[in-house]
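See below for the structure under consideration.
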Amino acid sequence: MEQDPEAVRRWHEEAWPAIRAKAKRGGGENLFADQVGVRSDQVTGHTWGEKGRTPVVRRSGNRFAVNAMSVISTKGRMHFMVFTEHFTAEVMCRFLDRLAGHFDHKVHLVVDGHSAHRSKKVRDWLAAHPDDVELHFLPPYSPELNPDELVNDDLKHSLPKQHRARNQAELTAETRRFFRRRQRQPHIVCGYFGGPHVRYVLDENPMSF
Numbered sequence: 001m002e003q004d005p006e007a008v009r010r011w012h013e014e015a016w017p018a019i020r021a022k023a024k025r026g027g028g029e030n031l032f033a034d035q036v037g038v039r040s041d042q043v044t045g046h047t048w049g050e051k052g053r054t055p056v057v058r059r060s061g062n063r064f065a066v067n068a069m070s071v072i073s074t075k076g077r078m079h080f081m082v083f084t085e086h087f088t089a090e091v092m093c094r095f096l097d098r099l100a101g102h103f104d105h106k107v108h109l110v111v112d113g114h115s116a117h118r119s120k121k122v123r124d125w126l127a128a129h130p131d132d133v134e135l136h137f138l139p140p141y142s143p144e145l146n147p148d149e150l151v152n153d154d155l156k157h158s159l160p161k162q163h164r165a166r167n168q169a170e171l172t173a174e175t176r177r178f179f180r181r182r183q184r185q186p187h188i189v190c191g192y193f194g195g196p197h198v199r200y201v202l203d204e205n206p207m208s209f
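If you're matching positions, the sequence shown starts at 1 in the UniProt record's numbering and goes up one per residue.
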């Protein structure tokens with residue numbers, strides 16, 4: 001499957017401006033969300049080594065992973081949830097419960113087309129909370145349109161490079177530390193929206209793409 005250029009054009013020129021206008025009319029707020037998995041055996045970031053020699057980074061023989069869901073806004077807000085199970089409709093509903101508790105106004109949440117996002121459980125949750133959260137879907141196969149993808153990249157490059165987590169509990173703690181640090185750095189959160197493919201979010205007068 002490939003990205004549909006026409007769907008991307010409609011997102012830029014029609015869908016996103018309509019979402020932004022709807023949120024503004026209703027006193028709501030737009031947020032972008034994404035989920036990410038972090039594995040103990042993946043190579044991230046950079047490390048130092050003697051010139052001419054490839055550095056060797058020691059890692060545990062055990063393989064483990066954690067997952068996270070985060071949301072960001074152009075106001076510099078970030079909320080997150082770290083979990084160890086697979087990302088499912090139940091996890092998404094749990095995240096929506098937590099997210100709704102952080103806001104006293106409606107959230108317009110932009111997500112990708114993951115099956116959990118479109119599940120009956122999530123649709124039922126949304127129907128029961130019409131004043132809390134409304135989901136909007138990015139075009140298929142268009143991760144570059146989601147500013148929260150830059151959070152995922154930042155996370156993977158910010159985890160310790162040399163002293164890696166020895167077990168799932170340590171990896172979970174490191175992942176939480178990253179998100180809590182970013183929550184205290186709204187200027188960095190705002191900076192995610194400066195990426196070349198996501199600046200459209202800030203553009204009040206979108207043009208054709």
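Using N, Cα and C, we set each Cβ at its ideal position, and we do this for glycine too.
Keep in mind the model is a prediction, meaning the values are calculated, not measured.
Asked: With 16 other Cβ atoms within 10 Å as the buried cut-off, status of Pro-139; Found: buried
Asked: Nearest-angstrom Cα separation, counted from Leu-135 out to Asp-112; Found: 10 angstroms
Asked: Identity of the residue in Trp-125, Arg-94, Ser-115, His-105 nearest Gly-26 by Cα; Found: His-105
Asked: Given 8 angstroms, three or more beta-carbon pairs between the segment 119-138 and the segment 159-178; Found: no
Asked: Per DSSP, the bridge partner or partners of Gln-35; Found: Met-69
Asked: Uninterrupted beta strand (DSSP E) stretches inside the segment 77-111 (no shorter than 3 residues); Found: 78-83, 107-111
Asked: Terminal residues of the alpha helix (DSSP H) in which His-187 lies; Found: 186-191
Asked: Which of helix, strand or coil DSSP assigns to Asn-30; Found: strand
Asked: Spatial distance of Met-69 from Glu-204 (CA atoms); Found: 28 angstroms
Asked: Delimiting residues of the beta strand (DSSP E) encompassing Val-151; Found: Segment 148-158 is the alpha helix (DSSP H) holding Val-151; no beta strand (DSSP E) there.
Asked: 8 angstroms Cβ shell around Ala-116 - same chain, five flanking residues per side excluded; Found: Phe-87, Thr-88, Ala-89, Val-91, Met-92, Val-122
Asked: DSSP-derived helix/strand/coil call for Glu-2; Found: coil
Asked: Paired residues, beta bridge with His-136 - DSSP; Found: Val-110
Asked: Closest by C-alpha distance to Ala-65, when choosing among Val-36, Gly-76, Ile-72, Phe-80; Found: Val-36
Asked: Burial state of Gly-28, where buried means 16 or more other Cβ atoms lie within 10 Å; Found: buried
Asked: Whole-number beta carbon distance between Leu-31 and Trp-71, since they are thought to touch under 8 angstroms; Found: At residue 71 the sequence reads Val, which differs from the Trp that was named. That belief holds up - the Cβ atoms of Val-71 and Leu-31 are roughly 4 angstroms apart, short of 8 angstroms.
Asked: Separation of Leu-99 from Ala-127, as counted between CA atoms; Found: 16 angstroms
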